[in-house]
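For what it's worth, my numbering labels the leading residue of the sequence shown as 6, then goes sequentially.
Cβ coordinates follow ideal geometry from the N, Cα and C atoms, glycine included.
Small disclaimer: the values here were computed from a predicted structure and weren't measured.
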Amino acid sequence: MSKTALPLDLPLLADDLHRVEEELRASVVTEDPFLTEVARNLIVAGGKRLRPVLSLAAAYLGVGTASQNVVRGGVAVELVHLGSLYHDDVMDESATRRGQPTANARFGNFAAIVAGDFCLAVSAQIAASLGVEVSGLLGYTIGELCKGQVAELQSLFRLDRAEEAYFRSINGKTASLMSAAARVGAITSGLATEQIEALTVYGQRVGMVFQIVDDILDIVSTDEQLGKPAGNDLVEGVYTLPVLRAFRDPEVGEELRGMLGAPIERSLVDQLRKLIRASDGVEQAVGVARGFADEAVSALGVFPDSAVRTELAGFGHSLLDHLPA
């Protein structure tokens with residue numbers, strides 16, 4: 006993983022992410038070569054490892070370095086994330102992720118589901134080795150992921166989806182795990198309670214920003230930029246914040262609502278995305294995300310000034326600043 010690809014500019018991060026990567030790949034090795042291959046499918050496809058990054062950064066902020074327990078905690082959190090992605094790809098019938106064929110496309114749905122379950126099982130084993138608090142936290146967070154996903158399923162194709170329901174869903178399926186990642190890093194570093202709670206809030210707020218940015222990218226990016234088909238949320242009937250705000254636009258809202266509310270042909274996706282971009286929906290979604298980014302900055306106020314704190318404080322806004330024009 007090159008330095009230019011790192012999501013945060015922190016001196017120790019490249020080396021420690023290499024440690025995470027080695028542990029992550031080793032964690033899913035079994036006596037069954039086929040299970041190992043399927044479970045490694047998403048790992049070898051790469052990724053920025055944002056959740057382990059948050060665990061490591063929490064440690065840097067509190068004690069200046071990342072112990073082996075911090076690394077293992079980051080691996081446990083990333084395995085929960087990967088397990089959920091295997092399951093998501095089956096539910097969405099996705100053919101690609103991160104520009105590579107999904108496990109379900111390569112090996113079939115049953116193998117992909119088992120691989121996802123296996124990642125969750127290995128995560129639980131690692132978490133148990135780190136203590137009751139970390140184990141309980143990841144168990145709780147997996148439950149939150151399920152609640153967030155179910156909340157999304159209940160709102161598919163609903164033109165009247167409330168923003169409050171959207172926020173509950175993304176908090177469960179995305180922000181809760183990023184919050185847990187930061188908290189795990191703080192716990193395994195032995196930080197004070199006030200610092201643990203502050204980093205928990207920070208991770209949650211950054212997670213909200215991250216998911217809103219991801220939802221915006223589905224509207225404004227190309228297939229190549231995303232590494233998967235753009236506009237897939239519209240096809241799946243998942244109406245995200247930029248879409249919900251576009252519904253209110255006096256110029257395009259009525260036309261947009263008339264085209265949605267039921268399954269659509271993929272041939273309509275580009276037209277729909279163009280309509281949404283013509284509204285102020287994306288701009289308003291960016292504004293909402295800025296609010297969460299500001300709250301993330303405020304959460305770090307319990308820590309003294311440092312280069313790590315400055316880098317973490319800028320992270321949420323950086324995600325928004327790098328959106329395609």
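Classification of residue i by the beta-carbon crowding that lies within 10 angstroms, buried from 16 upward
| i | result |
| --- | --- |
| SER272 | exposed |
| THR70 | exposed |
| GLN216 | buried |
| MET96 | exposed |
| VAL25 | buried |
| THR227 | exposed |
| VAL34 | exposed |
| LYS53 | exposed |
| LYS279 | exposed |
| GLY79 | buried |
| HIS23 | exposed |
N- and C-terminal bounds of the alpha helix (DSSP H) containing residue i
| i | result |
| --- | --- |
| ASP37 | Neither: ASP37 is in no alpha helix (DSSP H) and is coded neither H nor E. |
| SER89 | 73-97 |
| ASP228 | 228-231 |
| ILE269 | It is not in any alpha helix (DSSP H) - ILE269 carries neither H nor E in the DSSP assignment. |
| HIS322 | 312-326 |
| VAL127 | 114-134 |
| TYR207 | 198-225 |
Of the listed residues the options, nearest to residue i (C-alpha basis)
| i | options | result |
| --- | --- | --- |
| GLY344 | GLU36, TYR244 and ALA132 | This structure gives no information on residue 344, because the portion of the chain shown stretches from 6 to 330. |
| ILE334 | ASP238, ARG54, PHE308 and LEU84 | Lying before the first or after the last residue shown, residue 334 is absent from the chain, which here runs from 6 to 330. |
| GLY67 | PHE320, ALA318, SER311 and ARG103 | SER311 |
| VAL82 | PRO309, SER32 and PHE39 | SER32 |
| PHE297 | LEU277, PHE112, ILE175 and ALA129 | ILE175 |
| ALA110 | LEU231, ALA186, VAL43 and GLU26 | VAL43 |
| LEU164 | GLY266, SER99, ASP254 and ASP37 | GLY266 |
| ARG45 | GLU27, GLY236 and VAL214 | GLU27 |
| ILE147 | THR107, GLY121, ARG103 and HIS327 | GLY121 |
| PHE123 | PRO106, SER89 and THR193 | SER89 |
Sub-8 Å separation of residue i and residue j beta-carbons
| i | j | result |
| --- | --- | --- |
| GLU316 | ASP14 | yes |
| GLY177 | GLU199 | no |
| VAL302 | ALA318 | yes |
| ALA187 | THR205 | yes |
Chain B within 8 Å of residue i, Cβ atoms only
| i | result |
| --- | --- |
| GLN276 | Note that chain B does not occur in the displayed structure, where there is just one protein chain. |
8 Å contact criterion, which residue i and residue j should meet: CB distance rounded
| i | j | result |
| --- | --- | --- |
| MET183 | ARG314 | No, MET183 and ARG314 are not in contact; Cβ-Cβ is about 18 Å, not under 8 Å. |
| VAL85 | LEU125 | 6 Å |
| ARG102 | GLY51 | ARG102 to GLY51, Cβ: 10 Å. No contact. |
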